[in-house]
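So the sequence shown is numbered by my numbering: it starts at 94 and just counts up by one. This report refers to the structure that appears directly beneath it.
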Amino acid sequence: MTAEIPRRIEPHSAEIGTILSLIQTSFAYMDGRIDPPSSMLRLTKTAISEQAARGEVWVLGDPVVAVMFLTVKPGRLYLGKLAVKAACRGKGLARRLVNCAEARALALGLPVLELETRVELVENHAAFARMGFVKTGEKAHSGYDRSTSITMQKRLS
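Okay, here's the thing in structure tokens:
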């Protein structure tokens with residue numbers, strides 16, 4: 094397995110199914126822990142192909158062991174669906190993908206990298222804080238009267 098250099102996935106990549114499986118497996122621990130359930134449950138191969146076409150999908154490894162989605166938003170680059178295969182965690186792969194996201198944001202002239210994490214996933218809050226992200230807001234999913242997710246941003250120079 095080679096996981097050193099992130100590579101961008103094309104919309105019709107043969108790896109789309111592998112990426113879907115990796116995200117589903119990596120996010121499975123959230124089942125019953127977060128409310129509302131993860132949008133990952135609605136993710137499809139078609140949706141990943143569309144993300145690769147209208148945004149960006151980056152991976153590490155061959156076979157794929159880590160993935161992230163990038164989407165340009167006004168004044169910022171949004172990082173979503175960051176997932177690392179369980180057996181490969183703790184090896185800096187998420188940090189490599191975040192570094193790639195930072196480089197992409199700067200290349201696109203965007204000064205901020207943004208992500209959202211669920212309120213319940215305090216270990217993710219801490220991990221992103223260690224990578225330089227700070228909490229900038231909270232929001233509630235539709236139909237909820239309490240905060241369900243936290244927005245975190247990292248200003249880039």
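Just so it is clear, CB atoms sit at the ideal spot from N, CA and C, and this is done for glycine as well. Just so you know, these numbers come straight off a predicted model, no measurement behind them.
Under the three-state reduction of DSSP output, residue 237 falls in the coil class, being neither helix nor strand. Around the Cβ of residue 228, a 10 Å sphere holds fewer than 16 other Cβ atoms; the residue is exposed.
By the beta-carbon neighbour count (other beta carbons within 10 angstroms, threshold 16), residue 154 is buried. By the criterion of at least three beta-carbon pairs nearer than 8 Å, the segment 109 to 125 is in contact with the segment 134 to 141. Residue 163 is bridged by DSSP to 149 and 172. Of the candidates 100, 171, 191 and 211, the residue whose Cα lies closest to the Cα of residue 125 is 211. Fewer than three Cβ pairs drawn from the segment 228 to 245 and the segment 190 to 200 lie within less than 8 Å of each other, which leaves the two stretches out of contact. Taking the Cβ atoms as the reference, residue 249 lies roughly 6 Å from residue 195, within the contact range of under 8 Å.
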